[in-house]
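Scroll down for the structure; my scribbles are underneath it.
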Amino acid sequence: MQRDDIFQAVVKRAKGYEATETVEEYAIVDGSLELVKKRVTTKDVPPDIAAAKLIFDDSPFDGMTDDELEAEKARLLSELKNK
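Residue 362 in the numbering used here is what sits at position 81 of the sequence shown, and the numbering runs on without skipping anything.
In structure tokens:
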């Protein structure tokens, strides 16, 4: 599993998602296994605040002062303007 795959999994968990679960029941009918009941349910997995916190705690801007953040903002806006 690559780092990007792990990051995308954490993002998915932070946002919440739907999961489909399939339960199948088999029984022996006339000497062979046959599917007698199949139930498919969709579950909502709510957003996870711990996953969101993990994403934001990994930010390169965490240790910056307000002045450094303002300078970075100005640099990024200038870069956008030039493109």
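Think of the CB as a built atom: it goes at the ideal place given N, C-alpha and C, for glycine as much as any other residue. If you're wondering where the values come from, they're calculated on a predicted model, not measured in any experiment.
Backbone CA spacing between residue i and residue j [nearest angstrom]
i      : j      : result
Phe337 : Lys319 : 41 Å
Leu357 : Lys364 : 11 Å
Gly297 : Ile287 : 15 Å
Lys293 : Ser359 : 32 Å
Thr346 : Ala300 : 41 Å
Glu306 : Ser313 : 13 Å
Option in the options with minimal Cα separation from residue i
i      : options                           : result
Pro327 : Tyr307, Lys354, Ala295 and Glu351 : Ala295
Val304 : Asp311, Thr322 and Gly312         : Thr322
Ala331 : Ala352, Tyr298 and Val291         : Val291
Glu302 : Asp325, Ala308, Val310 and Glu349 : Asp325
Gln289 : Glu315, Glu306, Asp311 and Leu335 : Leu335
As assigned by DSSP and simplified to three states, the class of residue i
i      : result
Asp325 : strand
Lys354 : helix
Lys364 : coil
Where the alpha helix (DSSP H) through residue i begins and ends
i      : result
Gln283 : From DSSP, Gln283 is part of no alpha helix (DSSP H); its letter is neither H nor E.
Asp338 : Ile330 to Asp338
Enclosing beta strand (DSSP E) for residue i [first to last residue]
i      : result
Thr303 : Tyr298 to Val310
Residue i CB to nearest heavy atom of the ligand ADP below 8 Å
i      : result
Lys364 : Summarising the ligand content, the structure contains no ligands, and the ligand ADP is consequently not present.
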